[in-house]
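Note sheet for the following structure.
Number of protein chains: 2
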Amino acid sequence: MGGKMDNNRMMSLAALVKARDEGKAGPELMAALCRDAIARKDDRIKAFAHIAEAPSIQTHGPLAGVSIGIKDIIDTFDQPTTYGSPIYEGHRPRVDAAIVDLARRRGATIIGKTATTEFAFFKPAQTVNPHNHAHTPGGSSSGSAAAVAAGMIPAAIGTQTGGSVLRPAAFCGVAGYKPSFRLLPTTGMKHFAPSLDTVGLFAAGVDDVAMLAAMLTGRDLATLPAEQSVDPTKIRVGLYRCGQLEGADPAMREALSKAADRAADVGFDVGEIGEPEAMAQAREAHSIIQDHEAGLACGPDLARFRDQMSSILVQTIERGQAISPSDYDEARRHVKRGRAAARALFGEVDILLTPSAPGAAPLGLATTGDPRFNKLWTLMGTPAINIPGFRDDAGMPLGIQAVARFGQDKLLLSAASTLEKAFKL
Amino acid sequence: MGGKMDNNRMMSLAALVKARDEGKAGPELMAALCRDAIARKDDRIKAFAHIAEAPSIQTHGPLAGVSIGIKDIIDTFDQPTTYGSPIYEGHRPRVDAAIVDLARRRGATIIGKTATTEFAFFKPAQTVNPHNHAHTPGGSSSGSAAAVAAGMIPAAIGTQTGGSVLRPAAFCGVAGYKPSFRLLPTTGMKHFAPSLDTVGLFAAGVDDVAMLAAMLTGRDLATLPAEQSVDPTKIRVGLYRCGQLEGADPAMREALSKAADRAADVGFDVGEIGEPEAMAQAREAHSIIQDHEAGLACGPDLARFRDQMSSILVQTIERGQAISPSDYDEARRHVKRGRAAARALFGEVDILLTPSAPGAAPLGLATTGDPRFNKLWTLMGTPAINIPGFRDDAGMPLGIQAVARFGQDKLLLSAASTLEKAFKL
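Those sequence lines, one after another, are chains A and B.
Numbering-wise, my numbering puts 152 at position 159 of the first sequence, and it's gapless, one number per residue.
Numbering-wise, my numbering puts 207 at position 214 of the second sequence, and it's gapless, one number per residue.
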């Protein structure tokens, strides 16, 4: 099949856990399945920056036997952590990041480090899109999305500062969930813009990623068993009419329209909702916030290792260091007003639907695509999820993004679970 | 003089910068003064965890020639960083923390690492109080406060999660400034509770610490020249009648009362103001927030190095890991209500005055004292400063804490500058 996806049936976390709990597969076998899949597939997909040589396999905990890939922007004590940069070649943190330790405490196996763009910014990793190897997998959590999409692992952890969870999830056709800000701990990740940096999760489908979130956090976030599902007639779904829509590909606009129709078909209360001006202005503030904070957070790398950084990264950090405190403060005021507008908006609607990206994964590996549909929600701190299901004429995934009010992660995941099934009708 | 302070005249940052700008002292001489003072004094004070062997002395930038001590909870690439813990003995981060890089970019000399309690929690460092070596210097930024108080350096950087800037500043009789949350970057510090961890500054007096803040950030925070000072008659100062006051030492209650009198004498609009119930409840939520977050942020250390951690730290992390998400969420709701109450309160008053600590530095080095007067303001994210000036009958410093609305750092520093002079009348 050349560059096309060949029998890359994804691993469902929910199915694996069910098999385990029914005694049909032990943790050792579950991990062996992943190691075998990685050995067979990763030479071509290049989703992994490092594969654990002898990963610790635990027999207790909700995630026992579940192999998780960790974006290589996140520290692991037992595997190299390079942040996608030659600066950190051979770097071995003394301890895990908080999210990795949490996963281990829940029984997970840390199967390897997944490829990231340099410092989770724009310089691509070597990873290809499992659906067509000539296309980008998206970024910056490139390897996390691709490893799940290629059926190598059932779960992966990534991060988002602009669109680094939603976009690769959309391009690779998997569920990618960016929780409410601070729901998952960021300690031990390489920060880029700390007020935006958010840890997110990848799994095959919505029920899988919700299960992962529930098991990691101990929160009531699961969408299985089916009793956890929502009554669609009580949920207002708004097609979000932001200005970015005009720049989306026709195939994506069609998919979004279909998504709204399917949502209505299964009983959701669907309407259209305009973008408040304050939120449009907040989106424009994203770059100032991100770059100013990157100027601070990555300044130490620039000071010592400028020669080992890409020019786009150097320029961004320098641009950030040149932003005045008053311009940063003004941007933060825009964010504050945008958040107030978002709270008001979520009084009128429960779930917003937008594209996860302007279209399917672009051809080529030189860029990771465009985060224009994601930056606002990172800035708002609202939970967002990529719902897979639609495809373009070439068979490439088209992702629909659902967003809910800050703190309404359970509602978001439940509604997304129902929507995902509706999209497949 | 035995354990008493012997000629420990403090170094004023403002005076040093003035001398430099007038051509009376070059950066080399300024740094040499500090190195000499450290060599003479630190054997007894033990403020430094590490002294730079050949610190880089810069000739350009607003902080050229200014020697800064960095709390050893904050990363430095050119000096060991041990976080006050044997776990990190010999640890050499690849890059500086953001605040250290910022200081270097402004021309500062990183003269050494100042002693911290273990992980900036409660297990004391070896540092003694320069005013009486039998007393604690406070913590967790023990060395930062003591090094400034002993006249070894003009400026130091610390951190506060409960009361770790205000308390040691009060016990050592220096200005300690905790800015509004996120005003100074935390990337590259060892996090304990990320939603609380705040980088703060130490200098001899209020004008010095304001100058340091202005030079580091490029923000309009300076209180010198005198034209920057405020018109007291336009500033409402409220003596904050929180429940904690009853537990304060008589000497401290007397100092606070004197502080209010002096403020009124110089023209401030002084009154008393009660503590809103929502803020009292928020204070009670501090431990749940801190411990839950420490359970996540320090869980990775516990998992690997339990044997090398103090029992108080192990217990706190384990208690934190046992806190349920719903209890944490409830605590966060209390914080949210407390912040709303604080915003309302700062509609009625501009500056609150409270003790920085229940009294002067307690006798003994086994504990670092009590953060009960500081935790609320860390939780609120409001700027706070210790104003030195008062002393008890034994000559030990008594610190008055001033607090302003979130983002009103300039107002706080300007008012504190005027108050500090009034306290000396």
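All C-beta atoms in this analysis are idealised placements derived from N, C-alpha and C, irrespective of residue type, glycine included.
Can you find a C-beta in chain A that's less than 7 Å from the C-beta of A278/B?
On the second sequence, residue 278/B is found 285 positions in, with the first residue counted as 1. By this cut-off, A278/B is not an interface position.
If you draw a straight line from the alpha carbon of D294/B to that of L9/A, how long is it in whole angstroms?
Your numbering for residue 294/B matches position 301 in the second sequence. Your numbering for residue 9/A matches position 16 in the first sequence. Approximately 30 Å, taken between the alpha carbons.
Within the continuous alpha helix (DSSP H) that includes E82/A, where are the two ends?
Translated into positions along the first sequence, residue 82/A becomes position 89. No alpha helix (DSSP H) contains E82/A, which DSSP labels as neither H nor E.
According to DSSP, is Y76/A part of a helix, a strand, or is it coil?
Taking the first residue of the first sequence as position 1, residue 76/A is located at position 83. In this structure, Y76/A counts as coil in the three-state DSSP scheme.
Ordered along the chain, which non-local residues of its own chain (more than five positions away) have a Cβ less than 6 Å from that of A409/A?
Counted from its first residue, the first sequence places residue 409/A at position 416. So the qualifying residues of the chain are V199, I378, I380, A395.
Whole angstroms is fine: what's the gap from A197/B's alpha carbon to S250/B's?
Stepping through the second sequence from its first residue, residue 197/B is reached at position 204. Stepping through the second sequence from its first residue, residue 250/B is reached at position 257. So the two alpha carbons sit approximately 23 Å from each other.
Among the candidates R175/B, A139/B, F185/B, K183/B, whose CA atom is the shortest distance from the CA of G169/B?
Along the second sequence, one-based indexing puts residue 169/B at 176. Selected option, being the one with the closest Cα: A139/B.
Under a CB-based cut-off of 7 Å, is T180/A close to chain B?
Locating residue 180/A in the first sequence gives position 187, counting from the first residue. Answer yes: the Cβ-Cβ gap between T180/A and chain B drops below 7 Å somewhere.
Taking all protein chains shown into account, decide if P130/A is buried (16 or more other Cβ within 10 angstroms of its Cβ) or exposed.
On the first sequence, residue 130/A is found 137 positions in, with the first residue counted as 1. The residue in question, P130/A, is buried, as its Cβ has 16 or more Cβ neighbours within 10 Å.
Assign M(-2)/B to one of two classes, buried (16 or more other C-beta atoms within 10 Å of its C-beta) or exposed (fewer than that).
Translated into positions along the second sequence, residue -2/B becomes position 5. Unreliable positioning characterises M(-2)/B in this predicted model, as indicated by a pLDDT of 47, which lies under 50. A coordinate reading is not provided.
Taking 7 Å as the CB-CB cut-off, is V88/A touching chain B?
In the first sequence, the residue the question calls residue 88/A occupies position 95. Taking Cβ atoms only, chain B reaches closer than 7 Å to V88/A, which makes this a yes.
For the stretch 96 to 106 of chain A against the stretch 72 to 85 of chain A, are there 3 or more C-beta pairs whose distance is under 8 Å?
yes
DSSP beta-bridge partners for R276/B?
The residue given as residue 276/B occupies position 283 in the second sequence. The partner list for R276/B (beta bridge, DSSP) is empty, contrary to what the question assumes.
My guess is that L238/A and R246/A are in contact by the Cβ rule of under 8 Å, so how many angstroms apart are they, rounded?
Residue 238/A sits at position 245 when you count from the first residue of the first sequence. Residue 246/A sits at position 253 when you count from the first residue of the first sequence. Between R246/A and L238/A the Cβ distance is about 7 Å, and since that is below 8 Å, they are a contact.
At the level of alpha carbons, what is the spacing between R384/A and S157/A?
What you label residue 384/A is simply residue 391 of the first sequence in a count that begins at 1. What you label residue 157/A is simply residue 164 of the first sequence in a count that begins at 1. Going by the C-alpha atoms only, they are around 20 Å apart.
Select from the stretch 72 to 103 of chain B all residues with a C-beta closer than 8 Å to any C-beta belonging to chain A, and list them in chain order.
I80, Y81, H84, R87, V88, D89, A90, A91, V93, D94, L95, R97, R98
The beta strand (DSSP E) enclosing P269/B, as first and last residue numbers
Residue numbering aside, residue 269/B sits at position 276 when the second sequence is read from its first letter. Per DSSP, P269/B belongs to no beta strand (DSSP E) and is neither H nor E.
Counting only runs of 4+ residues fully inside the stretch 124 to 151 of chain B, write out the alpha helix (DSSP H) ranges in chain order.
135 to 142
Please state if the CB of I281/A and the CB of I310/A are separated by a distance shorter than 7 Å.
Translated into positions along the first sequence, residue 310/A becomes position 317. Translated into positions along the first sequence, residue 281/A becomes position 288. Cβ atoms of I310/A and I281/A: not closer than 7 Å.
Taking M373/B as the reference, give the member of K414/B, T411/B, G382/B, K329/B with the closest Cα.
If you number the second sequence from 1, residue 373/B lands on position 380. The candidate whose alpha carbon is nearest that of M373/B is K329/B.
Classify E15/A: buried if its beta carbon has 16 or more other beta carbons within 10 angstroms, exposed otherwise.
Taking the first sequence and counting its residues from 1, one reaches residue 15/A at position 22. It counts as exposed.
Give a yes or no on whether the minimum CB-CB distance between L214/B and chain A is below 7 Å.
Locating residue 214/B in the second sequence gives position 221, where the first residue counts as 1. So no, L214/B is outside the interface.
Rounded C-beta distance between S60/A and M3/A? I'm assuming under 8 Å.
Against the first sequence, residue 60/A aligns to sequence position 67. Against the first sequence, residue 3/A aligns to sequence position 10. Rounded, the Cβ-Cβ distance is 13 Å, inconsistent with contact.
With C-beta atoms as the reference, is P172/A less than 7 Å away from D402/A?
The residue you call residue 172/A lines up with position 179 of the first sequence. The residue you call residue 402/A lines up with position 409 of the first sequence. Cβ distance < 7 Å, so P172/A and D402/A count as in contact.
State the start and end residues of the unbroken beta strand (DSSP E) segment that holds F298/A.
Here residue 298/A refers to the residue found at position 305 of the first sequence. Careful: F298/A lies outside any beta strand (DSSP E), inside the alpha helix (DSSP H) at 292 to 298.
Residues bridged to S319/A [DSSP beta-bridge criterion]
Position 326 of the first sequence, counted from the first residue, corresponds to residue 319/A. None, per the DSSP bridge assignment.
With distance defined between alpha-carbon atoms, name the residue in R398/A, G352/A, K414/A, F399/A nearest to C165/A.
The sequence position of residue 165/A within the first sequence is 172, counting from 1. For C165/A, the nearest C-alpha among the options comes from G352/A.
Out of curiosity, what's the CA-to-CA distance linking A163/B and H128/B?
Counted from its first residue, the second sequence places residue 163/B at position 170. Counted from its first residue, the second sequence places residue 128/B at position 135. If you take the alpha carbons of A163/B and H128/B, they lie about 13 Å apart.
I'd like the list of long-range same chain contacts for L418/A, defined as Cβ closer than 8 Å, with 5 residues on each side in sequence excluded.
Residue mapping note: residue 418/A aligns to position 425 of the first sequence, counting from 1. Cβ within range, chain order: R255, D258, V259.
If we ignore side chains and look at the alpha-carbon of each, how far apart do I146/B and G100/B end up?
Counted from its first residue, the second sequence places residue 146/B at position 153. Counted from its first residue, the second sequence places residue 100/B at position 107. C-alpha separation (whole angstroms): 15 Å.
Could you work out which residue in L6/A, S407/A, F339/A is closest to Q221/A when comparing CA atoms only?
Residue mapping note: residue 221/A aligns to position 228 of the first sequence, counting from 1. The candidate whose alpha carbon is nearest that of Q221/A is S407/A.
Mind listing the chain A neighbours of P318/B? Cutoff is C-beta to C-beta under 7 Å, in chain order.
Residue numbering aside, residue 318/B sits at position 325 when the second sequence is read from its first letter. Result: T210, G211, R212.
Give the DSSP bridge partners of K64/A, in chain order.
As a working mapping, residue 64/A is identified with position 71 in the first sequence. K64/A is bridged to T107/A.
Taking a cut of 8 Å between CB atoms, which residues from the stretch 279 to 294 of chain A lie near chain C?
Going by chain labels, chain C is absent from the structure shown, which instead holds the protein chains A and B.
Alpha helix (DSSP H) containing T411/B: first to last residue?
Along the second sequence, read from residue 1 onward, the residue named residue 411/B stands at position 418. Note, T411/B: alpha helix (DSSP H), 402 to 416.
Please confirm whether H124/A and A290/A have their CB atoms less than 7 Å apart.
Your numbering for residue 124/A matches position 131 in the first sequence. Your numbering for residue 290/A matches position 297 in the first sequence. No, the pair does not count as a contact, with Cβ atoms beyond the cut-off.
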